[in-house]
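In my numbering, the protein residues as written are 2 to 949.
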RNA sequence: GGGCAAUUGGCGCAGUUGGUUAGCGCGUUUCCUUGACAUGGAAAAGGUCACAGGUUCGAAUCCUGUAUUGCCCACCA
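Structure below.
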């Protein structure tokens, strides 16, 4: 590593532009080698290399939202993991015991599907292998490809504690999932039941409600006539029902009407002949039926519709399942058996048409459920599944969010959360797959169910219940999310009270997408409250307070990334750039910075690859600023061989202990204290303000604001202004060095590579002393000086006015000019006087006259530019007629603008109620404006006259 | 059907508690290769802050309604 130029930058001058590729890998290796990411428990490692005592360090913990083992890194991951890394690095620098827990999710359906697809190319199905061999094969697949996404996180600069990496099917984790199931079962919160569930014909499995997406779909509404049996007198011969799914009529067991519906009231209790099936079905009355909709008659198919199922239970109706698990009509469908569901639909309609029983078919748009993963239409199906009773779990989980023990950022998601939690329904957790945690339930031949942590336990329970026959384990596995909801504590070894669990739970921050607020966030909160009470506190007392049970304290819902056209980035659209390509092209720091810079809290982000230029250019700017400062520092050293700066510099760089308040911006170097210029005080104020704003923004989870503050301060204040001034004030070099050092600290969590590299170049620290383990910035509020900033603002204003005047004349920078600067007050004039060298230099002045009273200068000889507190004049060499006219027009336009302003301001001041009701400062400000405008008007009018 | 966001110069966005000459980046135009940086510097043009009412001395900002767009939730056949 020592021969890598990027790690020994002092040996050679820095290159002219920043090239990330060379240094990133090397620095990442260096961090790992020095155990930067490792979080240690105090008892294992009482002191870290910075000299901080681990026992004093409060934990800061994030558990990664475990990516699917099948996954590859996409832009959403890049954003989410950047956010997490930034917070981990920030808190690590704040002196916390920062642990980022990495890992992956076994992702039942996704992974199984992937491996089955691979097998299909060999002409195999999972049934050819059998369960055991198939699961073995998935494990092999996982070992081969499962860590790809974690490797990709390294390229993104992420700093989790890799030693602790977990997988939801690790042995211990597997046991935790089973333990969880057994406990809930024993508590009566898990039950097995026959229900209408969402069946995915593609996955051949049940899905939870959350895995179904409803989409508005164009369909048809079919009106069928069911003949009334034994028509009497003037009774209708038929009842007409409406349906969107004709094929389900094969399983109809009744037709329902509203009991208050006068049209049909008298028919309740009579029977209809179900066409095609020639089955007699009753007419029943149920309040569920809406009189207004359709014909007011609803066909009832308990086995294929959740509402019908409920009605069926109320009226004791049979459940006729006419479809198998592939979506094909079964033997209950009579002669339609064997037809695929959509073919069956066609045939049913055709045959009814032949019988003259189709009244009409209307176009109809309605909401239809599709599989979130497979995309196919969901079939509501009656089947035996396992469920979790959610209501008891939801109650405290809602409470902790309502009470603010857990805070959502942005807060608006609390509404969504509340809505879901108060309307929660039971969770179908069984999946008809092989890859996953197998349901620990064993069936006796008697039909009894025995749930245990293993077969022995189940047998034991069976014996206890007086059953000694064979037991067969439930073939199904658990929903992937049934393991994920344990993630914040099962990763630490729950149900054991491991030292890690005691140390790092509750975690601090969860960063995730709002799309899994129900899948995951809500359920983790429930699980924490449900399962953590058995774990004692670190001090041995029992864990009773909700604040100690919750899995995390803050939840950051990151942005959704869209493409330039506003479409959600997705694999199928192919509109998501590969983060690794962007990293290769622009650099990791650039990609990270750009993502955060574009991502305001709570908004979707439109992202185009070329946006990364923002980050790349910013990194390059910083690189060059640092290069310049180091060059100046070396110059300074050679001209100040024995100065205190030398000592200070060495001290500043070498010893962390000598910076008791964190870094802070201190005044270092004798030269500085003695001759501190306005500009020096200004940059100190700005730097401390930036440091304060950055930390405040971090702490309120406004990471977007963090990047904006840094960008504006570093580019706008430090580079554009202060470094230009340092060129004229060699005595300020030590301060520039210090400010730069602080900048590197401030920026490090966001752009770790370039800052680490520059910091080492600047300080000459050995490679085992890392910025990432050093202190974060501590702002010194005493250095934030509004008066200084206002004063320097006037200087900037003056320079800008001069530049505008020059620009109007199209003077090239090489051409210096005679400048007159008029200040509107003595105070302002004094400020200009103290900043004279800066104004001269940055205003490209050959000579500079500063005066306070308004001598009038002819527009024929001078070009002027006015500001509220000053006027700037540039001496002209000559003015052609053309230029004279151009200038006159410009002034006329300016005059019109100011007259408009005057009108507005004076009408305000003439308004009685404004003067009597507005605060004095506001009125005073308006008066000042009026005065300033007045003098500007006079001057403008005079100038225009002269130019005539 | 319910709920939540958004609407600011050509494009993408800031604008904490109502008082700023309404900002920033990209793009456009002009000037500049001045010894950190052309991945740069200096400047310019460009907006009646979606619309209509209201509250207020004063509204991009608060309230009501409308429109458009997007998202989430929902078992009306």
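Where is the CB? At the ideal position from N, CA and C, for every residue including glycine. These numbers were taken from a predicted model, which means no experiment stands behind them.
Thinking C-alpha only, which one of 881, 583, 842 is nearest residue 861? Numbered from 1 along the first chain, position 860 holds the residue referred to as residue 861. That would be 881, whose Cα lies nearest to the Cα of residue 861.
Give the secondary structure of residue 177 by DSSP, where H, G and I count as helix, E and B as strand, and everything else as coil. Numbered from its first residue, the first chain carries residue 177 at position 176. Helix, per DSSP.
Give me, in chain order, the residues of the same chain whose beta-carbon lies closer than 8 angstroms to that of residue 368; leave out the 5 immediate sequence neighbours on both sides. In the first chain, the residue the question calls residue 368 occupies position 367. Within the same chain, residue 368 has close Cβ partners 215, 216, 217, 218.
Looking only at its chain, what residues have a beta carbon closer than 8 angstroms to the beta carbon of residue 532, apart from the 5 residues adjacent to it on each side? Within the first chain, residue 532 is the residue found at index 531, counting from 1. Around residue 532: 181, 184, 487, 490, 495, 496.
Return the chain-ordered ranges of every beta strand (DSSP E) run that is complete within the segment 414-489 and spans a minimum of 3 residues. 442-445, 450-452, 472-474
Pull up the distance between the alpha-carbon of residue 411 and that of residue 596, whole angstroms please. Your numbering for residue 411 matches position 410 in the first chain. Your numbering for residue 596 matches position 595 in the first chain. So the alpha carbons of these two residues sit roughly 18 angstroms apart.
Taking the Cβ atom as the reference point for each residue, do residue 512 and residue 465 lie within a distance shorter than 8 angstroms? Counting from 1 along the first chain, the entry for residue 512 is found at position 511. Counting from 1 along the first chain, the entry for residue 465 is found at position 464. No, these two residues do not count as a Cβ contact at 8 angstroms.
Identify which residue in 825, 519, 436, 590 has its Cα closest to the Cα of residue 751. Locating residue 751 in the first chain gives position 750, where the first residue counts as 1. The candidate whose alpha carbon is nearest that of residue 751 is 590.
The beta strand (DSSP E) enclosing residue 381, as first and last residue numbers: As a position in the first chain, residue 381 is number 380, starting the count at 1. Per DSSP, residue 381 belongs to the beta strand (DSSP E) from 380-389.
Residue 372 and residue 201 closer than 8 angstroms at C-beta: For this step, residue 372 is matched to residue 371 along the first chain. For this step, residue 201 is matched to residue 200 along the first chain. In contact: residue 372 and residue 201 (Cβ atoms closer than 8 angstroms).
With a cut-off of 8 angstroms, do at least 3 Cβ pairs link the segment 49-59 to the segment 521-537? no
Quick check on residue 29: does DSSP put it in helix, strand or coil? Here residue 29 is taken as the residue at index 28 of the first chain, counted from 1. Of the three classes helix, strand and coil, the one that applies to residue 29 here is helix, per DSSP.
What is the rounded straight-line gap between the Cα of residue 936 and the Cα of residue 844? Taking the first residue of the first chain as 1, we reach residue 936 at position 935. Taking the first residue of the first chain as 1, we reach residue 844 at position 843. Approximately 24 angstroms, taken between the alpha carbons.
Tell me whether the segment 716-732 and the segment 763-780 touch, counting them as touching only if at least three CB pairs, one residue from each stretch, are closer than 8 angstroms. no
Kindly identify the DSSP beta-bridge partner or partners of residue 818. On the first chain, residue 818 is found 817 positions in, with the first residue counted as 1. Looking at the DSSP assignment, residue 818 forms a beta bridge with 846.
Neighbour-count burial assignment, residue 365, 16 or more Cβ in a 10 Å radius: Numbered from its first residue, the first chain carries residue 365 at position 364. Flag for residue 365 reads exposed.
Opposite residue 195 in the DSSP bridges: which residues? Locating residue 195 in the first chain gives position 194, counting from the first residue. 385.
Residue 438 classed as buried or exposed, judged by whether at least 16 other C-beta atoms fall within 10 angstroms: Walking along the first chain from the start, residue 438 turns up at place 437. Buried: at least 16 other Cβ atoms inside 10 Å.
Assuming the contact rule is C-beta atoms closer than 8 angstroms, residue 79 and residue 592 should be a hit. Round their C-beta distance to whole Å, please. Residue 79 sits at position 78 when you count from the first residue of the first chain. Residue 592 sits at position 591 when you count from the first residue of the first chain. Correct: roughly 7 angstroms between the Cβ atoms.
Helix or strand or just coil, what does DSSP make of residue 647? Looking up residue 647 in the first chain gives position 646. Because the pLDDT of residue 647 is 40, which lies under 50, any placement of that residue in the model is unreliable, and the number read from its coordinates should be weighed accordingly. Residue state, collapsed to three classes: helix.
Output the boundary residues of the beta strand (DSSP E) element that contains residue 285. To locate residue 285, count along the first chain from 1; it is residue 284. 280-286 is the span of the beta strand (DSSP E), which, as asked, contains residue 285.
Reduced DSSP category for residue 937 - H, G, I as helix; E, B as strand; rest coil: If you number the first chain from 1, residue 937 lands on position 936. If DSSP states are grouped into helix, strand and coil, residue 937 belongs with the helices.
Run through DSSP, which three-state label would residue 290 get? The count along the first chain starts at 1 and reaches residue 290 at position 289. If DSSP states are grouped into helix, strand and coil, residue 290 belongs with coil.
Answer yes if the segment 313-324 comes into contact with the segment 349-360, meaning at least three C-beta pairs across the two stretches below 8 angstroms, and no otherwise. no
Looking only at its own chain, which residues have a Cβ that is under 8 angstroms from the Cβ of residue 190, when we skip the five neighbours before and after it? What you label residue 190 is simply residue 189 of the first chain in a count that begins at 1. The residues are 389, 390, 393, 394.
Can you name the residues that DSSP bridges to residue 228? In the first chain, the residue the question calls residue 228 occupies position 227. The partner list for residue 228 (beta bridge, DSSP) reads 239.
By a C-beta neighbour count over all protein chains shown, 10 Å radius and 16 as the cutoff for buried, is residue 635 buried or exposed? Counting from 1 along the first chain, the entry for residue 635 is found at position 634. Result: exposed.
Given residue 240 as reference, the closest of 475, 803, 295 once Cα atoms are compared: By 1-based counting over the first chain, the position of residue 240 is 239. Here the closest residue by C-alpha is 295.
Can you give the beta carbon distance from residue 228 to residue 238, rounded, assuming they're within the 8 angstroms contact cut? In the first chain, counting from the first residue as 1, residue 228 sits at position 227. In the first chain, counting from the first residue as 1, residue 238 sits at position 237. Their Cβ separation, rounded to whole angstroms, is 6 angstroms, which keeps residue 228 and residue 238 in contact under 8 angstroms.
Using only the alpha-carbon positions, how far apart do residue 340 and residue 328 sit? Sequence index remark: in the first chain, residue 340 carries index 339 (1-based). Sequence index remark: in the first chain, residue 328 carries index 327 (1-based). Taking the straight line from one Cα to the other gives about 9 angstroms.
Beta-bridge pairing of residue 370 - partner residues as DSSP gives them: Numbered from 1 along the first chain, position 369 holds the residue referred to as residue 370. 215, per the DSSP bridge assignment.
Which runs of the alpha helix (DSSP H) at least 4 residues long sit entirely within the segment 302-354? Give them in chain order. 307-316
Between which two residues does the alpha helix (DSSP H) containing residue 896 stretch? For the purposes of this step, residue 896 is taken as residue 895 along the first chain, with counting starting at 1. Its alpha helix (DSSP H) spans residues 882-911.
Among 754, 906, 915, 251, which has the Cα closest to the Cα of residue 159? As a first step, residue 159 is located in the first chain; it is residue number 158 there, counting from the start. Selected option, being the one with the closest Cα: 754.
Less than 8 angstroms separating the beta-carbons of residue 63 and residue 101? Working through the first chain from its first residue, we reach residue 63 at position 62. Working through the first chain from its first residue, we reach residue 101 at position 100. Cβ distance < 8 angstroms, so residue 63 and residue 101 count as in contact.
Quick check on residue 268: buried or exposed, where buried means 16 or more other Cβ atoms within 10 Å of its Cβ? Locating residue 268 in the first chain gives position 267, where the first residue counts as 1. Looking at its Cβ environment, which holds 16 or more other Cβ atoms inside 10 Å, residue 268 is buried.
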